[in-house]
Every structure is written in structure tokens, then in C-alpha cells.
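Here is the structure we will look at, set down as C-alpha cells.
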Amino acid sequence: MKYFFILCFFIIAQLMIAQNTVGTLLLDESLALEGYTVYTPNKQSTTYLIDNCGQVVNKWTDNPMAGLGADQYILEDGSLLISKFDPSITTEPSIGTGGSGGIIEIRSWENELKWRYIIRDSLQLQHHDIHMMPNGNVLAIALDRHFLEEIVAMGFDTSINNQRELWPDKIIEIDTATNEIVWEWRAWDHTIQDLDSEKNNFGSVPDNPQLIDINYQEFSFGRQDWMHTNSIDYNEELDQILISVRNFQEVWIVDHSTTKEEAASDTGGLYGIGGGLLFRWGNDHAYKKGEFIDRHFYYQHDANWLDETFHSSSEFFNMISVYNNFINSEYSLGAIISPTVVDGIYKMGEGTYLPNNIYQTISHPDTVKQLSAAASNFQLLPNGNFLLHAGRQGRTMELTSDDDPVWEYFVPMRNGVAIDQGDILQVSDNFTFSGRKYPADYIGFEDKDLSPKGYIELMPSDLFCNPLSTDVNKINEYGVFPNPSSFNITLTTLKAGDPLTILDVYGNSVLTTSAIKDSPTLNIQKLDPGIYIILSDKESYSFVKI
């Protein structure tokens with residue numbers, strides 16, 4: 004007798020959801036990317052790395068007073084790069100926004116502090132995303148505070164705008180070996196306005212899309228957090244930086260080949276325009292070239308180049324992905340755009356940057372699951388699947404290229420506290436800014452202990468990943484018909500009267516009987532919906548009752 008592990012997976016979402024309310028809700032192991040996903044749920048201070056089953060394989064625990072700024076990443080040595088806030092380290096600044104952190108850290112796999120940098124005072128504040136560059140430097144986004152006298156001098160019109168100070172964003176590059184800021188770009192240095200000809204930055208807004216209209220407002224009431232940049236990415240081959248500017252409902256690209264001085268000017272760099280925008284897309288209205296109603300992006304997050312090595316064979320290689328958050332009150336989408344580039348220059352058509360439309364959208368069949376007015380991320384995975392993480396719902400969904408769901412995870416916390424399997428969550432109970440998935444063969448996991456160490460949720464269910472172990476001679480893959488079934492099943496290789504034992508997914512015997520005397524069939528109508536194993540002296544079968 005040979006020892007076998009029998010693991011049954013069926014894509015029957017209704018069944019799975021009925022049995023699990025949090026944690027892993029769906030798993031098709033044959034189609035989902037084998038990998039690990041990193042989360043830092045809101046209102047608590049621990050970062051979790053989980054497997055597809057929802058079991059924790061590593062965690063980074065912090066001071067209970069600390070919390071996530073917005074995002075976290077696993078680096079190529081297995082360390083954690085994270086933006087955070089911690090009142091025990093720094094005092095509260097006099098400026099702030101959603102996603103505010105102020106502290107950037109690198110922590111080893113074992114949670115030892117390797118590096119820390121603080122950008123949190125009365126004039127500047129790190130917020131939202133961070134990015135590790137190939138040279139080991141870190142890119143960060145920070146608020147850049149400017150007071151009334153300064154903004155009026157730059158042509159900001161206080162007669163039509165309510166703000167009395169502005170906090171545009173800047174990008175800084177930090178050398179992690181010296182803590183020196185080795186490069187910087189400020190939106191403040193690249194503004195334009197068409198209301199006051201006496202000001203130095205007066206000009207035609209639509210004729211200068213490389214510049215930022217200082218009087219552009221998301222809404223009539225305006226915000227001091229004028230741009231609300233929420234993501235940053237770097238393309239080493241192009242030496243360019245991509246940011247998602249939420250309040251402008253655009254993505255912008257700037258040249259990183261410039262010096263600090265060139266980045267503050269309109270000359271220099273590979274493209275000759277200094278720190279001017281090389282590309283902007285999503286809302287032509289922001290530079291007076293279209294109507295607001297015709298925009299493509301809606302408070303988007305997580306703009307990224309699809310440029311990693313494992314994307315090189317993909318049709319999407321070097322395109323740009325975003326999570327398009329709030330198209331309306333009913334749904335969000337993953338979106339991919341394909342900028343038109345000729346000889347390294349982003350091309351325009353009729354005064355606006357190409358393309359004219361989004362290249363492709365990605366959506367879960369149940370669009371309600373991916374609705375998130377804020378936060379969230381979208382990934383193209385190495386196996387060609389897509390990952391959508393709806394931040395306000397704390398819900399991660401992996402879809403095939405045909406938009407078929409193959410994995411779903413629902414963060415099992417309410418206000419930062421783990422809940423029981425079976426509990427019901429409401430929107431924002433488990434707000435989790437991002438969920439980023441890495442393949443099992445990611446270099447950062449080499450020589451790391453990735454053994455399961457328990458679930459986040461209390462009273463967990465082993466529905467998906469606890470293999471049913473039993474002593475059998477042979478597993479017959481084709482011996483049950485129909486499968487799934489609600490009433491009768493036919494056991495095609497057994498004889499009438501052969502004794503049978505039926506086990507549930509936990510290995511419990513639920514029925515001992517025999518095939519019906521007149522034919523090798525079995526009535527399963529009284530069984531609860533679920534996954535079952537049939538054992539006999541000759542064969543073993545798996546089936547699902549629906």
C-alpha cells in the first residue's frame with residue numbers, strides 16, 4: 004500500500020465563499036501563481052507575508068504605536084522596505100495628507116533595522132509610495148510646503164481658489180549609504196499660469212503641457228495637498244521616473260538623467276527640457292486641452308511600468324499599468340496604457356499625448372469586489388495573470404488573462420484586530436493600502452524559511468490547503484460522473500454492491516455504504532455541499548456535491 008496525498012481543488016466560488024468569509028476565499032492551485040503576498044493592514048503595526056493558503060510565512064512586528072505610511076516591498080535580499088509613521092520617533096508635523104508616513108525603513112528578514120530616513124517636519128513630509136532603485140538608492144515622494152506670499156508670487160489666484168498655502172510634491176533620491184539627497188525634482192519649479200502677465204511663469208497652458216498649471220483645481224474647493232501623488236516607479240533603461248498624480252487624475256513622467264540643477268530648470272538632460280514633464284496622460288483638462296468629463300483616469304493609484312524581466316515576452320512589455328479607482332460609484336478597473344514613443348520621444352496628436360484611449364482594462368466578473376475609491380494596486384504577474392487589490396475592501400483577486408478568478412484573499416482584520424473565520428466584514432473594516440504578490444522563485448526568498456506558521460484569522464479553516472491524507476492503492480481521476488453533482492453519481496469502475504466509505508475534506512467519515520445493488524451508482528442528495536473522497540477496496544475517487 005502506497006501513501007498518497009490527495010488535494011482536491013474545484014473552481015466553485017459560491018461553495019468556497021459559503022465556507023470561508025475571510026482569509027483565502029478561492030484558490031485554483033493549477034492556475035494561480037505560486038507565490039507570496041505582502042500586506043500591512045491599517046490600524047496596526049505588523050507586516051505579513053502570506054502564502055496562497057493564507058498562512059503567514061514571515062512577519063515584521065513594529066512598535067504598537069507605529070503604522071503604515073502607505074506601502075511596503077520585499078527587496079532582493081529578503082529585506083522589507085516600508086514607509087511608516089511612529090510618534091515615538093518623530094513628533095506630528097504641521098502638514099499632512101492621506102498616506103502620510105515620514106519614516107522610511109529597511110528591515111532584514113529577521114526584522115532587524117538596517118536603515119532609516121526621516122522626512123517629517125513643518126516644511127516637508129514623506130507620504131505614500133517609495134521605490135528601491137537598482138543602484139541601492141531610494142526614491143520618495145514628499146509634500147513641499149509653500150506659504151501665501153510664495154504662491155501669490157507664482158500667479159496663484161486667491162480670488163478663485165480658496166487655498167492660502169499649497170503643498171505640491173517633490174521627489175527625492177536618497178543614498179542609503181550616506182543619507183545624502185543626491186537628486187531632487189520639485190513640481191514647484193515647473194509651474195505655469197495664464198492669469199497674470201506680470202509673473203515670470205506667465206504663458207499659454209495648453210501650449211506648454213510640460214508645465215503644471217498652478218491654478219488647476221481638482222474641485223472648486225481645492226486642497227492644500229494640491230497634487231496628492233500616490234505612487235512612484237523608475238525605469239532604469241529609460242532613466243525616467245513615473246508618478247501617479249491623483250488630484251490631477253494623470254500619470255506624469257520626468258527625466259532622471261538631469262543633474263539637480265537641471266531638474267529645477269527647463270533645460271538639460273537627455274531630452275533637453277530639464278525637469279519639465281516628458282509625458283502626462285489621463286486628464287487633458289489639466290492642461291486645458293479637453294473637458295473634465297472626457298478624462299480616462301479617476302483618482303488612480305499604483306502607476307507602474309511593465310518593465311521587469313519576467314514581462315519581457317509579454318505583449319504589455321514597457322506599457323504602463325494603473326488601478327483606475329473611482330470610475331463611478333459601482334466599480335474600479337485595472338487599466339493598461341501604451342504610450343506612443345518614437346526615437347525616445349512621447350508623441351502627441353492634436354496637442355495631447357497619445358494614445359487616445361486605454362489599451363486594455365481588467366475586471367473581476369463581480370465588479371463590486373474590486374470597487375475602491377482610494378488606495379489599491381494592480382499587477383501583471385509572471386505567469387500572465389493579473390492581480391487586483393481593492394484597498395478599501397482589503398481584498399486581493401488574481402485573475403487569468405480571460406478575467407477568470409483563480410485566487411482571492413480577504414484580509415481577516417477589523418480595525419487592526421484579527422477576527423474569527425466566519426465573521427462578516429464591512430467595507431473599510433480591513434482597509435489595507437496594498438497587497439503585492441511575488442513569485443515563489445523570487446530571488447528575495449532564496450534560503451529563507453517559508454514554512455507556514457499559522458493564519459492571521461482566529462479559528463481558521465483548512466479548507467484549501469490541508470491535504471486529506473489516506474492509505475489508498477490508486478486515485479482514479481475519471482471514475483465519477485457527473486462531477487460536480489447534486490443528486491446521483493455513477494462510479495464507472497466499480498461493481499454494484501461494492502462497499503464504500505465517503506470522507507469529507509477534513510478526513511472525517513460521513514457515510515459508509517455500498518454502490519446500489521442494481522447499478523454502480525450512489526445517491527448523494529443528503530450530503531452537504533462540499534468536497535468529498537470516496538474510498539473502496541479497489542479505487543478512490545474525488546467529487547464535489549453542489
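Its first residue numbered 4, the sequence shown is counted upward by one per residue in our numbering.
Positions of the beta carbon are idealized from the N, C-alpha and C atoms, including for glycine.
A quick note: this is a predicted structure, and the numbers were derived from the prediction, not measured.
Alpha-carbon spacing of residue i relative to residue j, whole angstroms
i	j	result
Asp258	Tyr441	28 angstroms
Asn61	Arg249	32 angstroms
Leu84	Gly272	29 angstroms
Cys468	Ser545	16 angstroms
Leu71	Asp531	42 angstroms
Glu318	Phe448	28 angstroms
Lys202	His149	17 angstroms
Leu391	Ile339	13 angstroms
Glu240	Asn23	44 angstroms
Pro463	Ile107	33 angstroms
Asp287	Thr262	29 angstroms
Gly425	Pro137	44 angstroms
Gln373	Ile365	10 angstroms
Gln127	Leu28	41 angstroms
Pro212	Leu281	9 angstroms
Phe436	Asp507	37 angstroms
Val414	Arg398	6 angstroms
Gln252	Val430	24 angstroms
Gln303	Gly457	34 angstroms
Gly102	Ala73	5 angstroms
Asp297	Phe205	27 angstroms
Leu198	Ile244	30 angstroms
Ser324	Tyr362	10 angstroms
Pro470	Asp432	A caution first: Pro470 carries a pLDDT of 49, below 50, which makes its placement in the model unreliable, though a value can still be read off. For Pro470 and Asp432, the distance between alpha carbons rounds to 32 angstroms.
Ala2	Trp186	Coverage of the chain is limited to positions 4 through 549, which leaves residue 2 absent and any answer about it impossible.
Asp444	Leu525	44 angstroms
Ile536	Ile53	28 angstroms
Closest Cα partner of residue i within the set the options
i	options	result
Glu264	Ile339, Glu240, Gly279	Gly279
Gln396	Ser335, Lys350, Glu221, Thr343	Ser335
Ile492	Val547, Thr504, Pro385	Val547
Ile144	Met400, Pro415, Ile235, Met136	Ile235
Leu538	Ala266, Thr524, Ser512	Ser512
Pro487	Glu240, Ile534, Thr524	Ile534
Ser260	Asp242, Gln363, Trp63, Tyr302	Asp242
Asp132	Phe490, Ser379, Asp423, Ile527	Ser379
Asp172	Ile246, Asn165, Ile163	Ile246
Met135	Leu78, Gly158, Ile53	Leu78
Met230	Phe381, Asp147, Gly104, Pro385	Asp147
Gly394	Ala377, Ile527, Asn386, Leu453	Ala377
Gly105	Tyr445, Asp124, Asn114, Leu116	Asp124
Met400	Trp170, Pro385, Pro368, Asp197	Pro368
Phe434	Ile427, Ile446, Asn418	Asn418
Pro523	Tyr274, Trp188, Pro502	Pro502
Ile184	Val141, Asn204, Leu151, Asp197	Val141
Asn182	Asp452, Asp444, Ile348, Ile109	Ile109
Ile446	Leu30, Pro342, Asp80	Asp80
Asn360	Gly347, Pro342, Gly354, Ile348	Pro342
Val59	Ser454, Lys529, Gln528	Ser454
Arg439	Tyr76, Asn66, Gln47	Tyr76
Glu32	Ser82, Asn55, Pro90	Asn55
Gly57	Leu30, Thr49, Ala69	Leu30
Leu169	Ile177, Arg189, Ala421, Ala180	Arg189
Asp178	Val371, Glu311, Ile154, Gly139	Gly139
Ser375	Tyr301, Gln47, Ile215, Ser162	Tyr301
Proximity below 7 angstroms, CB of residue i to CB of residue j
i	j	result
Gly26	Glu460	yes
Lys291	Val208	yes
Tyr51	Tyr42	yes
Asp160	Asn238	no
Thr100	Asp228	yes
Asp466	Leu383	The sequence shown places Leu at residue 466, rather than the Asp named in the question. No, they are not a contact pair.
Tyr356	Trp284	yes
Leu402	Phe381	no
Trp112	Lys451	yes
Gly275	Asp269	no
Thr504	Thr515	yes
Asn307	Leu36	no
Met351	Pro44	no
Asn66	Ser82	no
Check your understanding: Should the region 94 to 103 be called in touch with the region 111 to 122, which here means at least 3 C-beta pairs below 8 angstroms?
Key -> no
Practice item. Count the C-beta pairs between the region 322 to 336 and the region 401 to 420 that are closer than 8 angstroms, then say yes if the count reaches three, no if not. Key: no
Point to revise | Inter-stretch contact (C-beta, 8 angstroms, three-pair minimum) for the region 192 to 202 and the region 223 to 234 | key: no
**Study point:** Runs of alpha helix (DSSP H) wholly within the region 130 to 207 (minimum 4 residues, chain order)
**Key:** 151 to 156
Exercise for review: Would you mind listing the alpha helix (DSSP H) stretches within the region 220 to 268 that are 4+ residues and don't spill past its ends, in chain order?
Suggested key: 263 to 266
Check your understanding: Considering only residues of the region 316 to 390, which uninterrupted beta strand (DSSP E) runs meet the minimum length of 3 residues and lie entirely inside it, listed in chain order?
Key -> 323 to 327, 336 to 340, 363 to 365, 380 to 383
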